Amino acid sequence: MAYNNLQDFINEIDGAGELLRVRAQVSANLEVTEIVSRLIKSGCPSKAILFENVQGSRIPLLINALGSEKRMLMSLGSQSYEEISRRVEKLLRPTGPETFMDKIKKIPELMASNVWPREVKTALCQEVVKTGEQVNLGELPLLKCWPSDGGRYITCGATVTMDPQTQVRNVGMYRFMVLDENSAAVHWHVQADSARHCAKYKELGRQMPVAIVLGDDPAVTYAAAAPLPHDFDELVFAGFLRKASVDVVQCKTIDMLVPANAEIVIEGMVDPNDLVTEGPFGDSTGYYSPAARSPRFEVRAITHRKNPVCPATITGAGPMEDYYIGQMTERIFLPIVRAVAPEVINYHLPEYGAGHNFAFVSIKKHYALQARKVMHALWGLGQMMLGKFIVIVDEDVDVHNTSDVLFRMGANVDPRRDVVTVDGPVDARDHAAPYMGAGSKMGIDATAKIEGEGVVRPWPAAVKMDAEIQALVEMNWKNYGIA
55 MAYNNLQDFI
65 NEIDGAGELL
75 RVRAQVSANL
85 EVTEIVSRLI
95 KSGCPSKAIL
105 FENVQGSRIP
115 LLINALGSEK
125 RMLMSLGSQS
135 YEEISRRVEK
145 LLRPTGPETF
155 MDKIKKIPEL
165 MASNVWPREV
175 KTALCQEVVK
185 TGEQVNLGEL
195 PLLKCWPSDG
205 GRYITCGATV
215 TMDPQTQVRN
225 VGMYRFMVLD
235 ENSAAVHWHV
245 QADSARHCAK
255 YKELGRQMPV
265 AIVLGDDPAV
275 TYAAAAPLPH
285 DFDELVFAGF
295 LRKASVDVVQ
305 CKTIDMLVPA
315 NAEIVIEGMV
325 DPNDLVTEGP
335 FGDSTGYYSP
345 AARSPRFEVR
355 AITHRKNPVC
365 PATITGAGPM
375 EDYYIGQMTE
385 RIFLPIVRAV
395 APEVINYHLP
405 EYGAGHNFAF
415 VSIKKHYALQ
425 ARKVMHALWG
435 LGQMMLGKFI
445 VIVDEDVDVH
455 NTSDVLFRMG
465 ANVDPRRDVV
475 TVDGPVDARD
485 HAAPYMGAGS
495 KMGIDATAKI
505 EGEGVVRPWP
515 AAVKMDAEIQ
525 ALVEMNWKNY
535 GIA
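Residue numbers are given in my numbering: position 114 of the sequence shown equals residue 168, and the series is strictly consecutive.
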């Protein structure tokens, strides 16, 4: 189902027993983070948390809205990741070079699918409009999450920018550190689409319009975080996921269309040449990302609905909400991975890998050194290029079972023969890399070795019981008298 707005989703999860309301007054300065961290890591089923009384703000704060598989699926109105995956495969799967006419032929299909953003004249997000001296970021319940953070942060805003040359829109999830009542420092990695847009504006000698969208249909939030191909409009993808167009409205002070049913929209301009210090920031790696020079974002307007809710997310050593968003990406984008490496059976990005540190991949192996081919294919695929350790195992290994993966590593890997190291792009948050965003990566071939892979003695067969005996024991199990 398509939710009209975030508060519709809040009501839905509340009715399903998936929402915890905190009515006691809390501080956005560290206290909220400690409360949320304890709840998420308590071992109890993780719920979304609505803080209704945040000190210094009249606006309730929603955290961990997507922090479980159940709520992730509820957010997209689906019963399973597999159903979404099948739909995504049809939309995004590479089909090789296309002629201009091939692309034209797809237009009626896309138009008929009702995924394109639809412009409206009036909007929920503009019930209240504040400009000039009325602008005050301090009115929002923005968090300082960790003791050494550089300030309070916007952490769950879908940031809208536009390529000045192609007019292609990007909606990405980037953090903003508040500097004062009407300015913030924006952080985006050099590989991000919005960073490329900013570089183009710098070449043109122009300021860049930017809008931060806080709180919309969860499909928009997920689309902003999804690893989509360059120049693929995230609002089109959100419309595809929700099976209905995303309504958009013209901003009040900048030339930008934003989701009309958002809770809050912050409009402003970025001067690519006006750099300020952003950070440190307690990141999903479990360590602080260091302070760095980043562009200043000058706020021109804050618009919102009459009684908005402000979403936020907390990063730090996992599992946190971002792990569940990543888990959904892992599941629904499997067909895209298979499109570039058809031998892939499954893959898993474990929670302790902070998104990019570990990837476990199972393959159906047919020829020598095929595991190495898969490693390099994955390092060339979108955000997988940042993968630090890729472990390739055989098709019978459950990649979601770390013990199973480690057993095969111990059994099948000769370090000199089966380990590959390469230099290349790495996650900019990886403090172990010698340079920010550049370092080395390791591929480990933990598959059973065959001829042509440096094996000079027979490879042993795995110990396994006969299927007939397994079936016999299964049939007679109750007769054994074993509790």
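Yeah, the Cβ is synthetic: ideal placement off N, Cα and C, and Gly gets one too. Note that the coordinates shown come from a computational prediction; the quantities given were computed from them, not determined experimentally.
Start and end residues, alpha helix (DSSP H) containing residue i
i: H241; result: Run containing H241: none in the alpha helix (DSSP H); it sits in the beta strand (DSSP E), S237 to H241.
i: I386; result: E375 to I386
i: G293; result: E288 to R296
i: E522; result: A521 to N530
i: A212; result: Where A212 is concerned, there is no enclosing alpha helix (DSSP H), although the beta strand (DSSP E) it sits in stretches over G211 to M216.
i: M33; result: In this structure the chain extends from 55 to 537, so residue 33 is not present and cannot be described.
i: G226; result: Unbroken run through G226 is the beta strand (DSSP E), R223 to M227; no alpha helix (DSSP H).
i: D247; result: D247 to L258
i: P469; result: P469 to D472
Boundaries of the beta strand (DSSP E) in which residue i is found, first to last residue
i: K495; result: A492 to D499
i: T275; result: Counting along the chain, T275 falls outside any beta strand (DSSP E), though it belongs to the alpha helix (DSSP H) covering P272 to A279.
i: T456; result: Note, T456: premise wrong, no beta strand (DSSP E); alpha helix (DSSP H) at T456 to N466.
i: G322; result: I318 to E332
i: E66; result: Where E66 is concerned, there is no enclosing beta strand (DSSP E), although the alpha helix (DSSP H) it sits in stretches over L60 to G69.
i: P263; result: M262 to L268
i: C305; result: First-last for C305: undefined, no H or E at that position.
i: L74; result: L73 to V76
i: D448; result: F443 to D448
i: H402; result: V398 to H402
i: E352; result: A346 to H358
i: I536; result: No beta strand (DSSP E) holds I536; DSSP gives it neither H nor E.
Through-space distance from residue j to residue i, alpha-carbon basis
i: A525; j: N466; result: 29 Å
i: Q61; j: R75; result: 14 Å
i: V302; j: F294; result: 15 Å
i: V225; j: L191; result: 21 Å
i: D520; j: V451; result: 18 Å
i: D472; j: D499; result: 5 Å
i: S132; j: I138; result: 7 Å
i: T383; j: L127; result: 12 Å
i: G71; j: N59; result: 19 Å
i: R140; j: F291; result: 14 Å
i: I208; j: W513; result: 55 Å
i: G121; j: L104; result: 13 Å
i: T153; j: V169; result: Note that T153 scores a pLDDT of 46, beneath 50, so its modelled location is shaky and nothing firm can be said.
i: S129; j: C179; result: 20 Å
i: K442; j: A371; result: 17 Å
i: P162; j: A298; result: At P162, the pLDDT of 47 sits below 50, so the modelled position is not reliable; the number obtained from the coordinates is stated separately. For P162 and A298, the distance between alpha carbons rounds to 16 Å.
i: M165; j: E288; result: Confidence in M165 is poor, its pLDDT being 49 and thus under 50, which makes the residue's placement too unreliable to answer from.
i: G333; j: Y377; result: 22 Å
i: A515; j: Y534; result: 30 Å
Sequence-distant residues of the same chain with beta carbon closer than 7 Å to residue i, five excluded per side
i: I158; result: Note that I158 scores 39 on pLDDT, short of 50, meaning its location in the model is unreliable; the coordinates nonetheless yield the value given after this. Nothing meets the Cβ criterion.
i: K418; result: E397, I399 and E449
i: V83; result: Correcting the residue type first, residue 83 is Asn in the shown sequence and not Val. If we look at N83 and ignore the five residues flanking it on each side, its Cβ neighbours are K198.
i: H284; result: D247
C-beta contact flag for residue i and residue j at 8 Å
i: F230; j: G211; result: yes
i: V300; j: V214; result: no
i: P201; j: V108; result: no
i: F414; j: V453; result: yes
i: V474; j: M429; result: yes
i: I368; j: V142; result: no
i: P373; j: I94; result: yes
i: E123; j: L311; result: no
i: P281; j: Q381; result: no
i: G269; j: V363; result: yes
i: A238; j: V244; result: no
i: P344; j: A119; result: no
i: S338; j: G407; result: no
i: I320; j: I379; result: no
i: I318; j: A265; result: no
i: Y57; j: R385; result: no
i: L115; j: A366; result: yes
Contact set for residue i: own chain, Cβ-Cβ below 8 Å, skip 5 residues either direction
i: Q261; result: Y255, M323, V324, D325 and P326
i: Y228; result: G211, T213, V240, H241, W242, A246 and S248
i: I523; result: none
Own chain residues within Cβ distance below 6 Å of residue i, not counting five before or after
i: G493; result: V480 and A487
i: W433; result: M439
i: N236; result: V189 and V353
i: L435; result: V394
i: D328; result: R350
i: S81; result: Q109
i: C252; result: M262 and P326
CB contact check: residue i to chain B, cutoff 8 Å
i: N58; result: As a matter of chain content, chain B is missing from the structure shown, which is built from one protein chain.
Open item on the list: Report the start-end ranges of each alpha helix (DSSP H) in the segment 88 to 144 that is 4 residues or longer and not cut off at the edges.
Closed with: Every unbroken stretch of the alpha helix (DSSP H) spanning 4 or more residues and falling wholly within the segment 88 to 144 is given here in chain order: 123 to 129.
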